[in-house]
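Everything in the sequence shown is counted per the numbering used here, starting at 1 for the first residue and increasing by one.
Beta carbons are placed, not taken as given, at the ideal position from N, Cα and C, and that holds for glycine.
Here the structure is laid out as structure tokens; the discussion comes afterwards.
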Amino acid sequence: MSADVRHQTSDVRPETGDRRLETKGHSLRSPVSCLRSYQGFTLVELLIAATMLAILFVGLGAHLRGGLAVWHHATTTVEALQRQRVAFDRLDRDLANAIVYDDQDASYGTNPGQLPSLQFEGTPMRWFTVSRSTSTQPARVHVVSYACEAIDGVRGLWRTDQLIGQARARREVAPELVLPDCESLIAEFAYRPMGQPADQPGTLEWRREWSEPTKELPHLIRMTVQLTTGLPHRHLAVVPSGALRSTQPSPP
């Protein structure tokens, strides 16, 4: 019995001894192998990484600047178009309500009590218009004018608005800027060719003169607004109360 036990013990000891050696060898080799495998980044690798990061940031910055430039250009263009639309809508309303208020030439002049002279050609364009009536205020007649000029160092399309009493009393009114960067405003008026019947459509003639604006208004006005920041803008306005004259033959 004891012989069998010794035999089993002798069989086990070598195996146990081998396991201890293996475990001891493993515990000694692991830290050394880890220290040998960890060498860190070299200077060349650090320079390459820094260069790649710099290129990445430069590219991102360029894309960001490009996106901001496109956004700013689009916003500026939309705002400019919006200002033009608002300005011409207001001009259309003033012309749509234009009337002949007084057809006597003696009513116009520079003396107190007289009305300011009216004109469609040249600068400023000036005419009578009727404001829309509301629940608290009846319709009233105004004298409005439009001119492309520089006021207080600001160039643009300026509008003035006076009631009849203010215009007769020569009261100064503050002009209103309706469209910035207006260099010039040129108006052309439609005429029916000589001999063309009034009820027959045909090609119209456009001229830059309109005589006697106190007695008759032009029916069609084509305006060309030259902006300092872009191409000229053309706009066609209709005066419902205006007339479409026939062209007069040129003097010999």
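| Asked | Found |
| --- | --- |
| For PRO116, tell me which candidate among VAL143, THR129, GLN84, VAL58 has the shortest Cα-Cα distance. | VAL143 |
| For LEU177 and LEU56, I'd like the C-alpha separation in whole angstroms. | 47 Å |
| Using CA coordinates, which residue listed in GLN226, PRO218, ALA187 is at the minimum distance from SER241? | PRO218 |
| Any idea if PHE41 is buried or exposed, counting beta-carbon neighbours within 10 angstroms, 16 or more meaning buried? | exposed |
| Would LEU81 count as contacting chain C if we go by Cβ distances under 8 Å? | Of the protein chains in this structure there is only one, and it is not chain C. |
| Taking the continuous alpha helix (DSSP H) assigned at GLY165, which residues delimit it? | 164 to 168 |
| Would you call the CB atoms of TRP206 and ARG222 closer than 8 Å? | yes |
| Would you report the Cα separation of ASN111 and GLN166, rounded to the nearest angstrom? | 13 Å |
| Once you ignore the five residues that flank THR228 on each side, which residues in its own chain have a CB closer than 6 Å to its CB? | ASP181, GLU183 |
| Around the Cβ of GLY230, are there at least 16 other Cβ atoms within 10 angstroms (buried) or fewer (exposed)? | exposed |
| In the structure shown, what three-state DSSP assignment does SER10 receive? | At SER10, the pLDDT of 48 sits below 50, so the modelled position is not reliable and the matter cannot be decided from this model. |
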